[in-house]
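For the sequence shown, UniProt numbering assigns the number 1 to the initial residue and increments by one for each residue that follows. Report on the structure given below.
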Amino acid sequence: MANVQQTQSFYALTLTPPSAPSCSITCNAIPGLKTQDQQIFEARGQRIYLHRIIENEDRSEVKISTVLDQDVFGIIRGVTAFRIPGTATDQLVVSSDSGRMSMLNYDAEKNAFRRVHLETFGKSGVRRTVPGQYVASDPRGRCLMLASTEKNKVVYMVNREPDSTIRISSPHEANQWASLCFGICALDTGWEHPIFAALEVDYSEAEADSSGIEYERREKHLVYYTVDLGLNHVIKSWSDTVDYSANKIFGVPGGQDGPSGVLVCCEGRIYYRHDKAEGLSVPIPRRSGPTEDPERKRIIVSGCLHLSKARHEFFFLLQTEDGDVFKLTLDMAEDAQGRRTSQPVRINLKYYETFPVAKTMLLIRKGYIYIASEHGDSKLYHVNDLAEDMDFEPHNNFSSDDVSPDPADAYTPTFFKPRGLMFTSLATTQPSLHPLMKTKVDNLTGEDAPQIYAIQGSGANSRFKTLRHGLEVQEIVSSPLGNIPFDNLWSLRHRASDDYHSYLLLSSAYGDKTIVLSIGDEVETMEDSPFLTNRATVTAQTMGDATLVQVHARGVLSILESGDVNEWPSPAHRTIVAGSANSRQLLLGLSSSELAFFFMGDDGVLNQLEEMPEMSGKITALAVGATPPGQLQAKFAVVGCDDCTIRVMSIELDSPLEPKSVQALSAMPTSIEVVSMRDPSSGTLTNYVHIGLQSGLYLRATIDEVTGELGEVRTKFLGARPTRLFPVDVPNQAQQADDSASSSSAILAASSRPWLGYNHPVSNLYTLAPLVTSQLEAARPFASEHLRGLCAVQGGNLLIFGVEGVEGGLLSSKDIPLRYTPRSMSRNPWLPVWYVAQSEGNTLSEGTKKGLLEGGAAAKKEEEGQNGAEVKMEDSAEGEMSPTELEKHLGLSRAPGHWASCVQVIDPTAEEPVCTLELGENEAALCCAAVPFESKEWDIYLAVGTGQHLRPGEPMVGEKPKGFVHIYRISEEGRKIELVHKTPFPTPIYALHPFHGRLAIGVGNELFIYDLGLKSLLRKSRGTVVPNLITSIDSRANRLICADISESLTFIVFKPAHNRLIPFVDDTIPRWSTALSVLDYETAAGADKFGNLFVLRVPEQASKESDEEGVGGYISNERSYLNGTPYRLDLRAHVFTNDIPTSIQRTPLVPGGQDVLFFSGLQGTLGILIPFVSREDVEFFASLEMQVRAEEPPLAGRDHLMFKGYYVPLKGVVDGDLCERFLRLGTDAKVRVAAELEREVREVERKVLEVRGRVAW
């Protein structure tokens, strides 16, 4: 019997925040930057980001650098930015579920958002009558409007006071009873009264009419709301009927720059509307091609405006749901003198490019287009051409001539020919994880840490991802070193003031030799070097101004700038076993456990200290701190001995080699480094001692500058091999706008895999992350005129590499492309192979597409015979992309009512799927499972559940959807599958699960257990177990746990002797389940589509009764309670994640770490719930959470406790993300919080960091 403790608490942490953008805008929020240097203010889930585009002079290297990200602990509904006249930077406005409008400024000194105003206008929560769903600001920065989806709108007027403070007015209401709002925008009226436009539907008459006639006559209106700045009120000034399919509006520039008004985007058409001008209309072009439906209308999903105030010109870029982007311009009427008037006479459309479908598309003044992608990676494109030449691709030009502006009038569809990128080029990509369909943590490669396998993406951009904790390594040079194994290397400058390294020394203790390489235009061996090459080097350093020092086992070699060589031989019968040096001091450890200390004079000659103290054990490692800037000597050195101790020694000339402190260790130290790094709390440089132990542990501690005592010891297990440490430099480009980026000190720890310890450029916290590469023997910084990075010995090769993304996330990804949107994946239990079921709705299947293409090719050939020259001219627009590449760029061919589906076999080590089987007959693969069948001697078969003729979101008319279970035989070590048979079912199949050598299938609300037959599956057991529809199944022993689509979890016991399925316990709360995982015999974790994560447990009495032998017991004869099972589950933990969890798993994530509850969300969230093991920790972190909640309220004004308990009150979970906000508090706030906890600030910081580092990253 499992533990039945009545209380269980968890510590919730976010490993990777959601990557799906909800809204984004351009702004100038950072003071001191040029107007052209725009930033991107973006909201993702509950976090807000400030991005900046970094580029070198020739724009050959472009990246998006995250300046700041901050958690607001609320659902962000909308963002906007505006410049108040007379201010230097933009104000950022965030509307959230707090019912408040939050106005923010960027504080460059603290690198944080500072709240300027917090105005309450409604209730909390995402409600249809509470404003904030739509946000728009006046282009002149005078006011802003927040609108709800129904009834309410509020307008705030903003002014700057003489003392530079910002004054905001009370909200002015512009409510319209019984109206639905579909979007708002601000008109550009120059300096006249601001006007806001809205798309509205009045449903008052439709609601009062029960016959439905008024509902069919409903109309959508374009409404103007004018803000009277003099009278301080808002009036409805104009209204006009528009096409009912209108979904988006864009404000047209006004004043001297344009005619003002709005663009109304509808299904199939774009209209221009204004109260002072005639209306215009232009059809949205449709794609031409044999696989395209010529009757399918497009809608505009995103767009952006470019306005040149100097030339008074503007254009729009508008994107359809296919990703096609059109450039829209307006032709203005001219007066008698040939001057442009404010009356538009024509709309021009030109096909521009095809980009990924954007949630938001931003045009940045530097010449870039930012695509905040709705599915997959966000992309930044460089604009090479604005497509101003209308003679280029004339077949892709369209206008509003001869098109009626009346929505009731018919129009002739227009068609264009899509192509690859022509006017833009991809500058950089921002990796994203959304939409994240499923994840599974497993270790298929035998590494010391497991990997996260995920299916992600949509349509042609779907991916199978292998995620690893670590930083990507960019290999620049890899050169073999021969048969002798080298175990250390040093990069030296010829003079201390040089920018680049001149020498590279490689040492081999096995071969007792040293190789010297010169660094110039090339790295090559020096034939006549001044260094000693017939001995292994212990350490090497450039000391003084230009003295090269090489330490070997038998002495010290000093090479002066003049070319003279001084040598100090080691004492008789003693060798040098360890050494370390800085620019002025050299410390050696001898085999006799003695220390030899040298200091360098102004003449560049080393002077030895006569005293040679003896240590308590044999010296295994030592380190000398770097010389502080502006000083001639470091204060301390650290010496490690084989008696598992380290000693801090003074190396100042006033008190040389005087012991300061002793620290006992758990194992023998193998490597020590003293590195000066910036303390994130104080912002000052602090000496840190980094210690590597033989057991694979890594320790980091601070040295007290006065007493030499060690404090704030942090530990981390790195791997099974002894840990070796090497000081390196990493580029810090977070705040650099040029290519001469600064570097910061870091440490590279080499164990069973290499780790990099550095201060994160954004959070400033010390971060320890593995490098995704093979084992490294040694590493050093490398800087030449052409290359800058790290050099290392890796096996028998010399490797020069760079570390990418130190300011980004800590996950590296390897992608394998998939054909359609992935729905489910299953791993072969005996082999490192995955099977992925994929399906795409409203998409042509492969067979149908081939037939259409063959028919189109025949028609094209016939047309070429009649008029070949004209057809070839149009084909040339496709560029050099192959048909496969073009389809991947343009997306899959759409066709209503059709389904495309396949099953692919994925080898994570390969580059492409190793096997693909297409499904026909309009079937869609929905789930899959690799099942060992006992009746087939436990051979593995692949079961795939499908649905036929699915019509999601449509009324059930005609034939009902059916389902099938396909059984595939697996061969060739799991890499090939072939169909054995398929079994029909009355409903689509959404859940499959292997169970006791058979297959458990969820069919509607019934659970079946099947065995494998020759021509179909053989039913063995059946039971009605849930009220509606089974969406997922899991099992433990004889228990099956089923998730219902809307009624949470149900536990079922299987009685094999009587072949019965008996549901015996279910939940008290209706939950729309999306994920399920069994934690132990009596506990399960689940998630629902509203973002809730919960842990449920079987009551002790129900568990005992279900385990009774036979079916004559109490559990099988008990009457149901409230139309459910006899018993109810106990809720042990509940938390709101602000994402839709799609996978849950109990697993460890790091070597030697405890099991955690790992979950992933549709928007790209990766998170964990860590079970507390002591009541003391629960009380400490609960108190810390309460204090931080009071000390730093959420930025957007949402109550944190209500946010985490959105639908059900928070229970049994401490929010680790809020606790980690303690690390970013100011010094005074930290002291106040720590005093309330009766702890020291450093102790609180250590506990907060350790709880994450112990089980995750």
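Glycine included, every Cβ here is placed at the ideal spot set by N, Cα and C.
Integer-rounded CB distance, given that residue j should sit under 8 Å from residue i
i, j, result
"Phe416", "Pro285", "4 Å"
"Pro70", "Phe113", "One detail in the question is off: residue 70 reads as Gln in this sequence, not Pro. Right, the Cβ-Cβ distance comes to about 6 Å (below 8 Å), so this counts as a contact."
"Ala174", "Cys185", "Going by Cβ atoms, the distance from Ala174 to Cys185 rounds to 14 Å, so no, they are not a contact pair."
"Ala750", "Arg724", "5 Å"
"Asn582", "Thr627", "5 Å"
"Leu768", "Trp755", "6 Å"
"Lys660", "Ser676", "Contact flag wrong, Cβ pair sits at about 18 Å."
Distance CB(residue i)-CB(residue j) smaller than 9 Å
i, j, result
"Lys976", "Cys915", "yes"
"Tyr368", "Ala427", "yes"
"Ser824", "Glu918", "no"
"Val1095", "Leu1131", "yes"
"Leu831", "Tyr941", "no"
"Asn28", "Asp90", "yes"
"Gln39", "Ile30", "yes"
"Cys304", "Leu263", "no"
"His501", "Ala746", "no"
"Phe464", "Pro822", "yes"
"Leu471", "Val772", "yes"
"Glu614", "Leu595", "yes"
"Ala1087", "Pro1141", "yes"
"Tyr453", "Arg819", "no"
Candidates the options: closest to residue i by CA position
i, options, result
"Glu698", "His172, Pro722, Asn175 and His117", "It should be noted that the sequence gives Tyr, not Glu, for residue 698. Ranking the options by Cα distance to Tyr698, first place goes to Pro722."
"Ser164", "Lys366, Gly86, Asp704 and His760", "Gly86"
"Leu1007", "Ser1032, Asp642 and Ser1016", "Ser1032"
"Leu1218", "Tyr1206, Val1188 and Leu1210", "Val1188"
"Gln1145", "Phe531, Gly1167, Ala1133 and Asp512", "Gly1167"
"Ile515", "Arg951, Val793, Trp899 and Leu588", "Val793"
"Thr570", "Ser583, Arg554, Ser558 and Phe1159", "For the sequence presented, residue 570 should be read as Ser rather than Thr. The shortest C-alpha separation from Ser570 is found at Arg554."
"Asp603", "Glu561, Asn582, Ser616 and Leu595", "Glu561"
"Glu954", "Val713, Phe355, Gly897 and Lys34", "Gly897"
"residue 1289", "Gly268, Leu595, Phe423 and Ala208", "Only positions 1 to 1257 of the chain appear in this structure, which leaves residue 1289 out of reach."
"Arg788", "Asp138, Arg273, Val728 and Leu50", "Val728"
"Glu972", "Gly1004, Gly947, Ala991 and Asp907", "Asp907"
"Ile84", "Pro435, Pro139 and Asp499", "Pro139"
"Ile1001", "Lys1015, Ser281, Gly963 and Ile519", "Gly963"
"Gly711", "Val980, Glu1240 and Arg1036", "Glu1240"
"His760", "Gly802, Gly809, Phe726 and Lys716", "Gly809"
Beta strand (DSSP E) segment containing residue i, residue limits
i, result
"Val345", "Arg340 to Thr354"
"Lys962", "Lys962 to Ser971"
"Leu504", "Tyr503 to Ser508"
"Lys327", "Asp324 to Glu334"
"Ser302", "Ile300 to Ser308"
"Asp1088", "Thr1083 to Asp1088"
"Ser237", "His233 to Val242"
"Leu1061", "Arg1060 to Asp1066"
Enclosing alpha helix (DSSP H) for residue i [first to last residue]
i, result
"Arg1242", "Val1241 to Gly1253"
"Thr7", "Looking at the DSSP string, Thr7 is not in any alpha helix (DSSP H), and its letter there is neither H nor E."
Residue i: CB within 8 Å of a non-hydrogen atom of the ligand MG
i, result
"Cys185", "No copy of the ligand MG appears in this structure; indeed no ligand is present at all."
Entirely enclosed beta strand (DSSP E) segments - the stretch 1151 to 1220, minimum 3 residues: 1156 to 1161, 1166 to 1171 and 1213 to 1215
Write down every uninterrupted run of the beta strand (DSSP E) in the stretch 351 to 399 whose length is 3 residues or greater and which is fully enclosed by it, in chain order. 358 to 364, 368 to 373, 378 to 383 and 397 to 399
Segments assigned beta strand (DSSP E), at least 3 residues, entirely inside the stretch 403 to 476: 424 to 430, 436 to 442, 451 to 456 and 463 to 469
Only counting runs of 4 or more residues, tell me where the alpha helix (DSSP H) segments fall wholly within the stretch 876 to 960, in order along the chain. 883 to 890
Length-filtered (4 minimum) alpha helix (DSSP H) runs lying within the stretch 185 to 239: 204 to 208 and 213 to 216
In the stretch 80 to 142, which residue ranges form an unbroken beta strand (DSSP E) of at least 3 residues, counting only runs that do not cross its ends? 91 to 96, 100 to 107, 112 to 120 and 134 to 137
Every unbroken alpha helix (DSSP H) within the stretch 480 to 548, with a cutoff of 4 residues, ordered by chain: none
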